[in-house]
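Under the numbering used here, the first residue of the sequence shown is numbered 12, with each subsequent residue one higher.
Cβ atoms here follow ideal geometry from the backbone N, Cα and C, with glycine treated the same way.
Quantities reported herein were computed from a predicted structural model and do not represent experimental measurements.
As structure tokens, the structure follows; a few thoughts come after it.
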Amino acid sequence: MKQKIIKTTCTRDCPNTCGLLAVVENNRVVKLTGNKEHPINEGRSCIKCSHYLERVYNKERVLHPLKKVNGKFKRISWEEALDEIADKMKKICKVKTPESILYYQGFGARTALKLVNRRFFNLLGNTTITKGTICGGTGQGSQDLDFGNRISHDPRDYGNSNSMILWGRNPAATGINLLSRMTNIKKRGGRVILIDPVNTETAPLCSMHIKPKAGSDSYLALALSRILHDEGAEDKEFLKEHCINYEEYKKIVYSHTVDEYSELCDVPVEQILEAAEVIKHMKPTAFVLGWGLHRWEYAHTTLRAIDALGAAAGSIGVSGGGVSQGFEEYAPYDWNIWGDQLQPKRRKFYMQLLGEELNKADPKIEIAMITAGNPVSMLPDANAVKKALSQIPFLVVAGHFLDDTGILADIFLPVTTFLEEKDIVAAYGHDFIGPLNQAISPVGECKSDFHIFMELGKRFDFANEYVKPLDQWLKIIMKPTIERGISLEEIFQGGTNNPEAPKVPYEDKKFPTPTGKFQLMKEFELPKGRDQDYPYQLMSIASREWLCSEVTLSEQKELLPMKINQEEGIKLGLKDGDKCIVENQFGSIECIAKFDKTQRRDLVVIPRGGWGQAKRNVNELTRPLVSKVGAGTPYYETRVIVRKMYGR
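Here it is in structure tokens:
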């Protein structure tokens with residue numbers, strides 16, 4: 012049988028957004044591998060990619076629409092499903108208000124055509140949508156305060172770095188495209204320092220691993236800046252000529268001695284001095300920040316302290332330098348297509364407070380539609396989210412599997428994977444725009460989000476404005492990029508650089524702030540104290556094995572592992588491999604204790620993304636909270652107790 016090789020791009024919630032090659036035989040993908048011509052992943056692919064075909068062709072995947080009747084799902088046609096959804100929406104809009112309809116759009120698939128989803132609800136009326144993020148809002152909001160607009164260095168620029176500080180990032184699990192860049196820095200005689208309280212898979216690959224007390228990173232950043240200032244090694248020209256608030260920032264830096272900072276962040280002075288030597292003598296230093304830094308209520312304080320350290324270190328506006336956190340993945344698109352300008356006074360629920368928001372809503376939500384997300388598994392305080400969603404009279408979920416959210420649906424709509432779609436995707440981890448060339452026909456009766464909404468749109472009086480062919484919508488959405496000289500044909504042939512992206516951010520030392528200068532932090536604020544009733548900080552980190560909650564039920568037969576310091580585990584009466592209970596005021600879960608001799612004693616580590624159906628949902632423990640800046644989700648502001656499980 013003749014094979015076809017189709018160029019496509021991974022669209023899942025991951026900064027890598029890797030270029031892929033799908034090998035197709037008889038309308039079936041038989042192999043999925045990295046595209047060597049892609050400038051970012053250069054042929055590499057991760058374990059999640061290598062297992063993806065098991066997801067596409069999994070026997071648990073839902074392949075036709077379902078309707079819940081007397082508590083059980085039964086198969087229905089697309090016509091029946093869409094007719095019922097449209098009829099109920101029209102009735103609510105007429106009898107009550109569009110505000111009683113909630114649209115929840117998750118981050119499970121991130122492409123150009125996903126903008127059209129929200130436009131449907133904006134045309135429908137002042138429906139309720141969500142605000143905030145469970146991902147990168149805190150980092151963006153914080154860096155916008157400093158730089159005026161967050162612009163990161165593309166990973167290809169790390170070829171010009173002589174050292175790298177990986178801060179709260181675990182590329183061995185969630186960013187494979189950084190690994191070769193790290194290796195090359197070390198081959199050139201440079202050093203790569205990991206700063207992370209967790210003993211991650213990345214630690215053995217680095218020159219040095221610093222493990223501060225969780226949430227205390229700002230003190231470490233200030234300690235490093237203090238050393239640079241004490242030794243006259245700060246970038247005086249940049250700080251004085253291109254920054255504002257320098258004197259205020261300097262007062263913050265000198266508010267503690269290095270010894271005091273060492274005690275506050277629980278990092279030995281010797282390690283702080285060693286890291287400072289790298290920053291001083293191995294320039295330029297690339298500060299590469301991870302999403303772990305976002306998971307705190309006062310995360311902006313940490314991020315701004317690191318931004319300021321980058322300024323003091325001479326890393327801003329320099330090739331091979333930068334303080335890089337993320338990219339605006341929607342930059343190539345026309346944001347007006349969302350249609351939010353059509354409903355400027357609409358109601359918005361904080362995503363991370365969804366359970367609470369639904370309970371207090373007035374008017375109440377009568378219909379909810381969820382796409383590209385599994386909020387019961389991924390949002391904090393999962394028990395409250397599950398209870399609130401269960402009380403909505405009519406819940407529509409579009410997805411691949413009957414996960415913790417899908418199983419609650421009144422109507423479940425089966426959607427395609429990216430291998431079954433034509434689309435375009437940009438990244439939040441680099442500057443390359445990639446194609447989705449459809450590799451295979453939809454499996455079973457699955458439809459893409461785009462086709463679902465086009466079919467649904469035909470049933471409303473705004474159909475003439477909304478319903479358009481896919482290629483026409485892509486031209487409309489990609490208009491800003493097309494106007495900069497990039498054709499859709501060029502993208503679909505293999506992709507292209509974002510024409511807006513600078514080669515070196517802020518190279519001209521001009522910043523889109525009110526003063527045109529870098530805005531150093533002038534205030535320093537952190538919460539006081541921690542809940543001593545719960546002795547362990549819970550770090551619910553991303554898994555190397557699966558992405559978010561994209562795992563099947565049959566893959567979740569074992570309890571979640573809970574990594575704990577060996578001495579701490581013995582103190583609790585545990586043995587390695589024992590079953591234990593992890594609990595707090597929000598819930599409790601059963602885990603398997605895994606001892607780690609080098610793990611910090613004041614925290615436990617459990618991977619996120621498991622399902623409650625399999626007793627693996629760590630978000631049954633996480634605290635519902637909104638960060639002070641950027642409307643992010645402070646998952647790590649969660650403390651727990653651990654006890655041995657007896658009699659089971």
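The segment 265-275 makes no contact with the segment 300-319: fewer than 3 CB pairs, one atom from each, lie closer than 8 Å.
Contact between the segment 40-47 and the segment 375-382 is absent: fewer than 3 CB-CB pairs across the two stretches fall below 8 Å. By the criterion of a C-beta distance shorter than 7 Å, R121 is surrounded in its chain by T22, D24, E340, V436, once the five residues flanking it on both sides are discounted. Residues of the same chain with a CB within less than 7 Å of the CB of G445, apart from the 5 flanking positions on each side, are T20, T28, G30, V436, G506 in chain order. In the structure shown, T507 adopts extended strand secondary structure according to DSSP, grouped into three states.
Nearest to G143 by alpha-carbon distance, out of Q567, R555, G328, R358, is R358. Taking a contact to require three or more Cβ pairs closer than 8 Å, the segment 138-152 and the segment 506-521 do not qualify as touching. Taking the CA atoms as reference points, E212 sits about 10 Å from R180. In the DSSP assignment, T312 falls within the alpha helix (DSSP H) that extends over 310-323. Using a Cβ-Cβ distance cut-off of 8 Å, the segment 607-626 and the segment 568-576 are in contact, since at least three pairs of beta carbons, one from each stretch, lie closer than that value. Excluding its 5 nearest sequence neighbours in each direction, E466 has C-beta neighbours in its own chain below 8 Å: W89, L93, K458, listed in chain order. Distance between N171 and H164, taken at the CA atoms: about 11 Å. The C-beta distance from L216 to L233 rounds to 27 Å, too long to fall under 8 Å, and the pair is not in contact.
Here the alpha carbon of R86 sits roughly 15 Å from the alpha carbon of G410. Going by DSSP, Q151 is part of no beta strand (DSSP E) but of the alpha helix (DSSP H) stretching over 148-158.
Leaving aside the five residues that flank E501 on each side, the residues in its chain whose CB is nearer than 8 Å to its CB run, in chain order, T507. Comparing alpha-carbon positions, the option among I187, E456, K125, M175 lying closest to N52 turns out to be I187.
Residue state for I327 is assigned as coil, using DSSP reduced to three classes.
Less than 9 Å divides the Cβ of F158 from the Cβ of D318.
Taking a contact to require three or more Cβ pairs closer than 8 Å, the segment 382-400 and the segment 115-131 qualify as touching. With contacts defined by Cβ atoms closer than 9 Å, M532 and Y260 form a contacting pair. Within its own chain, the residues whose Cβ lies closer than 8 Å to the Cβ of I103, once the five positions on either side in sequence are excluded, are P109, S111, I112, E377, I378, listed in chain order.
Spanning the alpha carbons of F405 and A97 requires a straight line of approximately 12 Å. Taking one beta carbon from each stretch, the segment 315-334 and the segment 221-238 have 3 or more pairs nearer than 8 Å; the two touch.
The beta carbon of Q282 lies closer than 8 Å to those of M219, I221 in the same chain, with the five residues before and after it left out. The three-state secondary structure of F298, taken from DSSP, is strand. S153 and V640 have their alpha carbons spaced roughly 7 Å apart.
Sorting R627, D587, C591 by C-alpha distance to the C-alpha of K608 places D587 at the top.
Close CB contacts of K469 within its chain, under the 7 Å cut and outside five residues either way in sequence, are with V478 (chain order).
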